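Here the structure is laid out as C-alpha cells; the discussion comes afterwards.
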Ligand code: HEC
Ligand code: HEC
Ligand code: HEC
Ligand code: HEC
Ligand SMILES: [Ca+2]
Ligand SMILES: [Ca+2]
Ligand SMILES: [Ca+2]
Ligand SMILES: [Mg+2]
C-alpha cells in the first residue's frame, strides 16, 4: 500500500548532468580532489574546502554558521557538497548557476578562504607535481594552471561526490525491506502533507526559491535586488540531511524535528503531531547514503618546491 | 663503498613500542582514528587533530606557527604526527613523556582546541555510536567514555601512523638502487659531519635536548625551570622532513637547505658548501615514506543524537 508513493520520487542517478565545457575525466577528478583537500587554496594556508565541507562529517561543518579566515563568519550555514552536482543552482540564494562558478566564491570570500585568483595560481605553479597534474587534466590548454581550471577540476570532483545506496534509494530500486514501516509512513506523509511540492527530484530540491523569513538575511533579494525576491531561499536538497544539522540558511534549527515542524508551519501552514514529525524524521534518516571510498581517501599533497 | 655507513642507521620497525597499559587493538585504533579526525573534540567544533596534523600534508600544517581556536597561535611549529610513536618524549620541549599524555595537551590548550575533559566526554556520550565504540575498545572498563580513554585511543591510532617503504628504508633493507648516488653521498656526509650524533635511531632523533637559540622561547627551561635547560630543545625526527617545511620549533627556516645550513653552523660549528647542502638535502628527501591507506581513509563520523 506504500508503493503508489514511489512515483513521486526519483532515484539518484550515478552521475549528475555534466556540462559540455567541462567533461568529466579521471585526471580532472583526481586533481579536483587534491585541490578540494588542499588548504593552500586559502590565504592562511590552513583552510580547505574540506574544512567547511568535511567529508568525515557529511560534507558540512556541523556548526551554526561557518567560521573562516580570521575566525570570521559570513552568517550562513554550510550546505553539504555531497550530491551538490544535482542542484539546479548553487548557494542558499542561488547566486551561482554552476559548481564551476560556485567554487570561485569561497576561495575569494574574505570570511572564507580570503585568497585571490593570482595568489592561488602562483602557489600552484610553484608546485611541480600540480603543474604536471593540470597538464594531464587539461591536455589541450597551453597554460593549464589557471583559476578557471581550478574551478573546473574541483567541480568535476564534486560531481563524483555522490552518495548511492541509501535505504531509500534501495527501496526505490525495489528492495522492499530497505525501509522500516515507520519510514514508509514518513514517506507517505512527506507526499500527502505537501513537502514533495518543493522537495522533489533526485536530491529532493526543486531548485526554486521560496519564502523563508528567519532573520535579516534577505536571501535571493541580495542577488536580484528585486523586492519580490525578499526572503526567498532556494530549496535545499535533503539527501544525507541526518548528517547536516543544524538546519536552515542560518543554522537556526538545531534538530531535524525542529526543522520539520518549522517547515510544516511556515511553508504549509500546518501543525504536525509529534508522531507525524517522528515518522517524517525516520523517513529523512533513510536518505543517508554511502560516500565512495575513493572520495574518502585523503590525497597525498605535494610539498612546495624549495 | 657506501655500505659501511648503513650501520649508523636503524630501519623503521613495523610498530613503535606499545605501553603495557594501552595495548594496541583494532577496535582502539578504529576509535582513535575517528577521534583524530573529529573536530567536535574542540570547543568550536571546527578544529580536529587533523587540522594541524593534516594527513594530506605530511602530518603537519605547513605553516610557520599553528593557528588554533580564535585564530590564535602558541608560537610553535607543529611537528608531524607520522611516526610520532617512535619519539622518546613528545613536544619540542619534551614536556609529555608519552603520546597518551601528549594528546591531553592540545585538546585543552586555549590556542589549540580550547576544550575541557568534561566538555569532550559530554559530547561523546551524546553520540550513541561513540559510546558503542568505546565499549568495544575498552571492554573491561565499566564507564569507558572518559578522557583517559580518549587519549589512549588517539595514541593507539598514532602508533599506526607510520610510514614504511621510504627509499632510505628500502636501501637499508638491501635494495641497493633505492637511493641515487647523490643521496648516498648525502648519507655519508650526514654521518661524517656529525648530524648522526643527535639524529639517530629509527626516526633520526636521539630524544634528547640540545641548545638551539632562535628567539625568546626558552624551550626545556619552561618545563624544568632549571637554568641549565635554557634554550634546549628535543631533537626532532627527520622522517618525512621533506613534507614538513617550515623548520625548527618556531618555523624560522623556510627551506630544508636553510635548516641544514643552520644546523651545521649552530650544532656543529661548521660551514657546509652548497654541494654538501644539496647532497644532504637529497638524502633527507629519501626519508619520505608511505602513509598506510587505512589511516588515509576518512572515517564516517556519527552525528549527535537529536
Ligand atoms: C569557511 C567555510 C567555507 C569554506 C572554506 C568553503 N565553503 Fe562552501 N559554503 C560555505 C557556506 C557558509 C556556504 C553557503 C553560503 C551561501 O549560500 O551564501 C557554502 C556553499 C557551498 C556550496 C553550495 C551548496 C548548496 O547547496 O547550495 C558548494 C557546492 C560549496 N560551498 C563548495 C565549496 C568548495 C568547492 C569550497 C572550496 C573551494 C568551499 N565550498 C569552501 C562555507 C565554506
Ligand atoms: C514551499 C516550499 C517548501 C515546502 C512545501 C517545504 N519546504 Fe522544506 N525547505 C524549503 C526551503 C526554501 C528551505 C530552506 C529554508 C532556509 O533555510 O532558508 C527548506 C528547508 C528544509 C529543511 C532544512 C534543510 C537544511 O539542510 O537546512 C528540511 C529538513 C526541510 N525543508 C524539510 C521539509 C519538510 C519535512 C517539509 C514538509 C513538512 C518541507 N520541508 C516543506 C522549501 C519548502
Ligand atoms: C591548533 C594546532 C594544533 C592542534 C589542533 C593539535 N596540535 Fe599537535 N601540535 C601542535 C603544535 C604547535 C605542536 C608543538 C607544540 C610544542 O612542542 O610546544 C604539536 C605537537 C604535537 C605532538 C608532538 C610531536 C613531536 O614531535 O614532539 C603530537 C604527537 C601531537 N601534537 C598530536 C596531536 C593530537 C593527537 C592532536 C589532537 C588531539 C593535536 N596534536 C592537536 C599543533 C596542534
Ligand atoms: C647537537 C645536536 C644536533 C646536531 C649535531 C644536529 N642536529 Fe639537527 N636538530 C637538533 C635539534 C635540537 C633540532 C631542533 C631545533 C629547534 O627547532 O628547536 C634540530 C632540527 C633539525 C632540522 C629541522 C627539523 C624540523 O622538523 O624542524 C633538520 C632538517 C636538522 N636538524 C638536520 C640536521 C643536519 C643535516 C645536521 C648535520 C649537518 C644536524 N641536524 C645536526 C639537534 C641536532
Ligand atoms: Ca546544515
Ligand atoms: Ca607538510
Ligand atoms: Ca615543520
Ligand atoms: Mg555533518
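Protein chains in written order, with this note's numbering: chain C, 2 to 307; chain F, 2 to 307.
Quick reminder that beta carbons are idealized off the backbone N, C-alpha and C, glycines included.
Being a predicted model, the structure only gives us computed values, none of them experimental.
The alpha helix (DSSP H) with residue 139 of chain C in it runs from where to where? According to the DSSP assignment, residue 139 of chain C belongs to no alpha helix (DSSP H), since it is labelled neither H nor E.
Inter-stretch contact at 8 Å, needing at least 3 Cβ pairs: the stretch 221 to 237 of chain F / the stretch 251 to 258 of chain F: Contact fails: fewer than three Cβ-Cβ distances are below 8 Å.
Could you tell me whether the Cβ atoms of residue 282 of chain F and residue 206 of chain F are closer together than 9 Å? Contact: no.
Residue 211 of chain F, enclosing beta strand (DSSP E) - first and last residue: Its beta strand (DSSP E) spans residues 210 to 212.
Buried or exposed for residue 111 of chain C, please, with buried defined as at least 16 other CB atoms from any protein chain shown within 10 angstroms of its CB. With fewer than 16 other Cβ atoms inside 10 Å of its own Cβ, residue 111 of chain C counts as exposed.
Neighbouring residues (CB closer than 7 Å to any heavy atom of ligand 5): The answer, residue by residue, is C/61, C/78, C/79, C/80, C/245, C/246, C/247, C/248, C/252.
Checking contacts by CB at 9 Å: is residue 128 of chain C closer than that to chain F? Not closer than 9 Å to any Cβ of chain F, the Cβ of residue 128 of chain C fails to qualify, so no.
Which same chain residues end up closer than 6 Å to residue 34 of chain F when comparing Cβ atoms and leaving out the 5 residues on each side of it in sequence? Excluding sequence neighbours, residue 34 of chain F sits near 158, 300.
Per DSSP, the bridge partner or partners of residue 69 of chain F: Answer by DSSP bridge pairing, in chain order: F/73.
According to DSSP, is residue 3 of chain F part of a helix, a strand, or is it coil? The answer is coil: DSSP assigns residue 3 of chain F none of H, G, I, E or B.
Taking 9 Å as the cut-off, decide whether the C-beta atoms of residue 58 of chain F and residue 161 of chain F are in contact. Not closer than 9 Å, so no.
Any beta carbon from chain F within less than 9 Å of residue 265 of chain C's own beta carbon? No, because no Cβ of chain F sits closer than 9 Å to the Cβ of residue 265 of chain C.
Determine, using beta carbons only, whether residue 125 of chain C comes closer than 9 Å to chain F. No, because no Cβ of chain F sits closer than 9 Å to the Cβ of residue 125 of chain C.
Do we get a CB-CB distance below 9 Å when we pair residue 243 of chain F with the residues of chain C? So yes, residue 243 of chain F belongs to the interface.
Span separating the alpha-carbon of residue 97 of chain F from that of residue 296 of chain F: Rounded to the nearest angstrom, the two C-alpha atoms are 24 Å apart.
Terminal residues of the continuous beta strand (DSSP E) containing residue 235 of chain C? Here the beta strand (DSSP E) through residue 235 of chain C covers 233 to 235.
How is residue 243 of chain F classed by DSSP in three states: helix, strand or coil? The answer is helix: DSSP assigns residue 243 of chain F an H, G or I state.
Within 10 angstroms of the Cβ of residue 198 of chain F, are there 16 or more other Cβ atoms? Answer buried if so, exposed if not. It counts as exposed.
Could you check whether the Cβ of residue 115 of chain F sits closer than 9 Å to any Cβ belonging to chain C? At least 9 Å separates the CB of residue 115 of chain F from every CB of chain C.
Determine the extent of the alpha helix (DSSP H) in which residue 98 of chain C is found, giving its start and end residues. Neither: residue 98 of chain C is in no alpha helix (DSSP H) and is coded neither H nor E.
Option in C/306, C/233, C/229, C/171 with minimal Cα separation from residue 7 of chain C: Closest option to residue 7 of chain C, Cα to Cα, is C/171.
Beta-carbon separation of residue 167 of chain C and residue 257 of chain C under 9 Å? It is not a contact, given that the beta carbons lie outside the stated cut-off.
Give a yes or no on whether the minimum CB-CB distance between residue 38 of chain F and chain C is below 9 Å. Yes, residue 38 of chain F counts as interfacial toward chain C.
First and last residue of the alpha helix (DSSP H) that includes residue 282 of chain C? Counting along the chain, the alpha helix (DSSP H) containing residue 282 of chain C begins and ends at 275 to 286.
Residue 1 of chain F touches chain C at which residues, Cβ-Cβ below 7 Å? Shown here, chain F extends from 2 to 307; a query on residue 1 of chain F therefore has no answer.
Does the beta carbon of residue 1 of chain C sit closer than 9 Å to a beta carbon anywhere in chain F? The requested residue 1 of chain C is not part of the displayed model; chain C covers only 2 to 307.
heavy atom of ligand 4 below 8 Å from residue 105 of chain F C-beta: For residue 105 of chain F, the shortest separation between its Cβ and any heavy atom of ligand 4 does not lie below 8 Å.
Work out the CA separation of residue 213 of chain C and residue 233 of chain C for me, nearest whole Å. Approximately 6 Å, taken between the alpha carbons.
For residue 270 of chain C, does the count of other Cβ atoms within 10 angstroms reach 16, so buried, or fall short, so exposed? Classified as exposed, residue 270 of chain C has fewer than 16 neighbouring CB atoms from the shown chains inside 10 Å of its CB.
Helix or strand or just coil, what does DSSP make of residue 51 of chain F? The answer is helix: DSSP assigns residue 51 of chain F an H, G or I state.
At least one CB of chain F closer than 9 Å to the CB of residue 1 of chain C: is that the case? An answer regarding residue 1 of chain C cannot be provided, because it is not within the stretch 2 to 307 covered by chain C.
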